[in-house]
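To start, the structure itself, in structure tokens.
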């Protein structure tokens, strides 16, 4: 892709995100979401492969539908209350429509079907943007309207998301699809706590974005697209494979790592809200996700060649590790000891 064109698209992404997260008026927030959608489409379809074009088309249709619902929800609220302010979304029907619209934008169950397909058709770096940066504006809208949302509906969507995200990721062999189901599962954790303690949702999103960025950038450096390619990765890049192992364990939420922090805070807060059954269910369902993270980690580090693989073997290269990967991995592994400080901030 032409560097100038890429610069324009990336700048538009930043502009759209900034407009949405800093707006008070629903129409401005909608404008920012539309700019975001239009800026990411060329980045999805830049390879001109039929699957990439299909992914871009699916993404456009889903996001256009969701944006229409956001506008419809805000107009309904304005009709009944005379308010266009985002924080004044008080009408129950508007809240319901908005929850459906944002769930569609994020890929929460039952509006998740588009997300794995779109991620599979996109390049790895665009997949990273779709999993992290593109989810930030909708989550900020949920954060601003959290007082008006229906807790029962969000808890139901959250538990279904964690269940399906874990269940459907079990039999996948494509790394991008596995990361898509991982994203759906993590969104469930964010949605369940949103009404009760919105700041934990934002903290969870920041930590999730950091860990996912580390995983995607590592996969991009290793040029790994599926499990069979991952099995031969250890001989080519042992250091990157080790980094992948650690970041995947952190993403799974195992205790000594950073990924355990948001899960711990969420379970603690749910218990305080007399929602211990929901906390138990969501914790048990996250074990499904742990299984496929462990399978990825196993393929990356414990299975060693010789293997019969049907792809061309690359030469062993001693390229230095991207400093960004090193920083993100360190943060993904070692933030748990400073959790008391983070808890005081939120």
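Residue numbers (our numbering): -18 to 327.
We treat Cβ as the ideally placed atom computed from N, Cα and C, and that holds for glycine.
Model, not experiment: these values are computed from the prediction.
Inset, instruction - Spatial neighbours of residue 182 within its chain, please: CB distance less than 6 angstroms, with the 5 preceding and 5 following residues excluded, ordered by chain position. - result: Taken in chain order, the residues that qualify are 171, 174, 175.
Inset, instruction - Please confirm whether residue 126 and residue 87 have their CB atoms less than 8 angstroms apart. - result: Going by C-beta atoms, residue 126 is not nearer than 8 angstroms to residue 87.
Inset, instruction - Label residue 273 either buried or exposed according to how many other C-beta atoms from any shown protein chain fall within 10 Å of its C-beta, with 16 as the threshold for buried. - result: Under this definition residue 273 is a buried residue.
Legend entry - Touching by the beta-carbon criterion (3+ pairs, under 8 angstroms), the region 298 to 313 and the region 186 to 201: Touching, per the Cβ criterion.
Legend entry - Helix, strand or coil at residue 6 [DSSP, three-state]: Strand, per DSSP.
Legend entry - Own chain residues within Cβ distance below 8 angstroms of residue 239, not counting five before or after: The beta carbon of residue 239 is closer than 8 angstroms to those of 188, 191, 192, 231, 312, 313, 314, 315, 316, 317 in its chain, skipping five residues each way along the sequence.
Inset, instruction - Under 8 angstroms Cβ to Cβ from residue 46, same chain only, skipping five residues before and after it: list those, please. - result: The beta carbon of residue 46 is closer than 8 angstroms to those of 85 in its chain, skipping five residues each way along the sequence.
Legend entry - Cut-off 6 angstroms between Cβ atoms - residues of its own chain near residue 18, not counting five sequence neighbours on either side: Spatial neighbours of residue 18 in its own chain (CB-CB distance under 6 angstroms, excluding positions within 5 residues in sequence) are listed in chain order as 44.
Inset, instruction - Pull up the CB-CB distance for residue 179 and residue 124, whole angstroms please, since I reckon it's below 8 angstroms. - result: The beta-carbon distance between residue 179 and residue 124, rounded to whole angstroms, is 5 angstroms. This is short enough to meet the 8 angstroms contact definition.
Inset, instruction - Indicate the three-state DSSP secondary structure (helix, strand or coil) for residue 131 in the structure shown. - result: Reduced to three states, the DSSP call for residue 131 is coil.
Legend entry - Element boundaries [alpha helix (DSSP H), containing residue 171]: 156 to 174 is the span of the alpha helix (DSSP H), which, as asked, contains residue 171.
Legend entry - Distance, residue 54 Cα to residue 63 Cα: Whole-angstrom Cα-Cα distance: 13 angstroms.
Inset, instruction - Using the Cα positions of residue -2 and residue 121, report the straight-line distance between them to the nearest angstrom. - result: So the alpha carbons of these two residues sit roughly 10 angstroms apart.
Legend entry - Inter-stretch contact (C-beta, 8 angstroms, three-pair minimum) for the region 256 to 271 and the region 134 to 151: Counting Cβ pairs under 8 angstroms, three or more are found: they touch.
Inset, instruction - Pick out whichever of 237, 301, 283, 256 has its Cα sitting closest to the Cα of residue 320. - result: Measuring from the Cα of residue 320, the nearest candidate turns out to be 237.
Inset, instruction - Please go through the region 193 to 255 and give each complete alpha helix (DSSP H) segment of 4 or more residues, from N-terminal end onward. - result: With a minimum length of 4 residues, the continuous alpha helix (DSSP H) runs that stay inside the region 193 to 255 are 208 to 212, 214 to 217, 219 to 233, 241 to 253.
Legend entry - 7 angstroms Cβ shell around residue 148 - same chain, five flanking residues per side excluded: The residues 269, in chain order, have a CB closer than 7 angstroms to that of residue 148 in the same chain once the five nearest residues on each side in sequence are set aside.
Legend entry - Spatial distance of residue 214 from residue 155 (CA atoms): In this structure, the CA atom of residue 214 is about 15 angstroms from the CA atom of residue 155.
Legend entry - CB contact flag (residue 226, residue 278, <8 angstroms): Closer than 8 angstroms, so yes.
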